[in-house]
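Visitor: To get my numbering, take the position in the sequence shown, counting from 1, and add 687. Heads up, the beta-carbon is just placed ideally off N, CA and C, and yes, glycines get one too. All of these numbers come straight from a predicted model, not from anything done at the bench. Before anything else, here's the structure in question.
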Amino acid sequence: MPTYSNSVFLEIVRQQGFDPRQAAVALETLNVRLLAHGHITRANFYVYRVGGRGINIGDDAPLERPRVLLAFATADTALSFAQRSGLGNSPRLVRMHISQLLAIMLQRPAIRSLLVANEPLLLEPERYLPVGLRFQRNELLDMLKGA
């Protein structure tokens with residue numbers, strides 16, 4: 688029986704015209720990749736919520752900027768990244784199930800990838816984002832199409 692979070696993802700998959708059975712394949716594939724990448728498979732991750740929708744306001748036909756949905760295994764790591772990156776004095780964290788993260792990718796085309804940061808947090812010089820596992824939106828769409 689799916690959890691609430693999975694049921695939301697399944698409903699969004701249906702609304703987008705995909706076969707919900709493929710949603711389970713996508714979730715399992717991501718979990719396997721997380722495990723292979725050294726992450727303990729977790730149901731919940733932490734994301735740092737920032738304002739804005741990635742849309743250029745003022746244009747007649749707004750263009751969406753590509754976005755990365757950045758997720759962390761622990762709240763401490765998420766806060767550490769936010770503070771090191773100067774993203775705000777009081778970061779607003781949201782705990783999300785992995786299926787919710789995939790649902791967000793489906794609902795917001797501007798989000799081109801999910802990046803799950805490595806533990807411990809590793810920031811390379813000259814890079815804004817931490818090192819981690821990247822799961823592309825196109826990969827998710829291909830899986831949902833059964834490709």
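According to DSSP, which residues form a beta bridge with Met783?
Guide: Per DSSP, Phe732.
Visitor: Per DSSP, Ile798 forms a beta bridge with which residues?
Guide: For Ile798, which the question treats as bridged, DSSP gives the partners Arg754.
Visitor: Which whole-angstrom value is the C-beta distance of Met830 and Gln709, which I expect to be below 8 Å?
Guide: With a Cβ gap of about 6 Å, Met830 and Gln709 count as contacting.
Visitor: Whose CA, out of Val712, Leu793, Pro812 and Asn718, lies closest to the CA of Leu820?
Guide: For the residues Val712, Leu793, Pro812 and Asn718, the minimum Cα distance to Leu820 belongs to Asn718.
Visitor: Can you tell me whether Arg814 is helix, strand or coil according to DSSP?
Guide: Note: Arg814 maps to coil in three-state DSSP.
Visitor: Can you pull the DSSP bridge partners for Glu821?
Guide: The sequence shown places Arg at residue 821, rather than the Glu named in the question. Leu802.
Visitor: So is Tyr815 buried or exposed if we call it buried at 16+ other beta carbons inside 10 Å?
Guide: So Tyr815 counts as exposed.
Visitor: Using the rule of at least 16 other Cβ atoms within 10 Å of the residue's Cβ for burial, across every protein chain shown, is Ser786 buried or exposed?
Guide: The residue is buried, with at least 16 neighbouring Cβ atoms inside 10 Å.
Visitor: My parser needs the alpha helix (DSSP H) runs of 4 or more residues fully inside the stretch 699-732; what are they?
Guide: Counting only runs of 4 or more, we get 707-723.
Visitor: Apart from the five residues just before and just after Val818, which ones in its own chain have a Cβ nearer than 8 Å to its Cβ?
Guide: Cβ within range, chain order: Ala804, Asn805, Leu809, Leu810 and Glu811.
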